[in-house]
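Engineer: Following the numbering used here from start to finish, the sequence shown increments by one per residue and tops out at 230.
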Amino acid sequence: MSDDDQSTPSAAEQYSLLVERFVHGVELAAATVFAVLFAVGVVDLILQIAGAVRSGSITDPLVVIGFIDTGLLLLIIVEVYQTVLAYVEESNTRRIVQLVIYTGVIAMVRKAIIFRTGEYATLQDALLAAGAYTLLIFGLVALLFAERVYGGVSPLESD
């Protein structure tokens, strides 16, 4: 093979590079969408709080729980944004796994906070949902713990 053959990328390599650039552009667009959603959500939360203060409903526990729910949803958006950025920046897999676990924990805590038995047709349905939420939270916490304890050493990494 001559030097010219090695320096000129093949059609497959050029196509691969083009697709890689396209995917990178879509990832950046997704990150931008999540950043805009977060900004809109923060402004909306501020307006909701201001409205509750003016109306006097700020002391209603259900209203406050609604604010907490919205705040946790905003944190989920931030975690998803950070996950997308980790893909864009081609971060290591451990960082991406951490972000996904954190997102899951926040999402399940949010579900636990806004959990209301009255939203289910029967008490048995509510108990089943509560049990499923509990299992998911414990599973995510176990994953987080395992990642913290064992995540520093990867059998795929060379010394």
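Virtual Cβ for every residue (Gly too), placed ideally from N, Cα, C.
Excluding sequence positions up to five away, which residues of its chain have a Cβ less than 6 Å from the Cβ of L156?
Structural biologist: A102
Engineer: Measuring straight from C-alpha to C-alpha, what distance separates L116 and F186?
Structural biologist: For L116 and F186, the distance between alpha carbons rounds to 20 Å.
Engineer: With L99 and V159 assumed to form a contact (beta carbons below 8 Å), what rounded beta-carbon distance in angstroms separates them?
Structural biologist: 6 Å
Engineer: Specify the secondary structure class of R165 as computed by DSSP and reduced to three states.
Structural biologist: Under the three-state reduction of DSSP output, R165 falls in the helix class.
Engineer: Could you give the residue range of the alpha helix (DSSP H) that holds S126?
Structural biologist: A82 to S126
Engineer: Go ahead and pull the three-state DSSP assignment for T193.
Structural biologist: coil
Engineer: With 16 as the cutoff for other CB atoms within 10 Å, does I139 come out buried or exposed?
Structural biologist: Counting C-beta atoms within 10 angstroms of its own C-beta, I139 has fewer than 16 neighbours from the protein chains shown and is therefore classed as exposed.
Engineer: Compute the beta-carbon to beta-carbon distance between I232 and T174, rounded to the nearest angstrom, for a pair I have assumed lies under 8 Å.
Structural biologist: The chain is shown only over 72 to 230; residue 232 falls outside these bounds and no answer can be derived.
Engineer: Assign L198 to buried or exposed, taking buried as 16 or more other Cβ atoms, counted over all protein chains shown, within 10 Å of its Cβ.
Structural biologist: exposed
Engineer: Excluding the five sequence neighbours on either side, which residues of its own chain have a C-beta within less than 6 Å of the C-beta of L108, listed in chain order?
Structural biologist: I148
Engineer: Here's the rule: buried if 16 or more other CB atoms are within 10 angstroms of the residue's CB, otherwise exposed. What is L206?
Structural biologist: exposed
Engineer: With F138 as the anchor, note down where its alpha helix (DSSP H) starts and where it stops.
Structural biologist: Counted as a single uninterrupted DSSP element, the alpha helix (DSSP H) harbouring F138 occupies residues P132 to V159.
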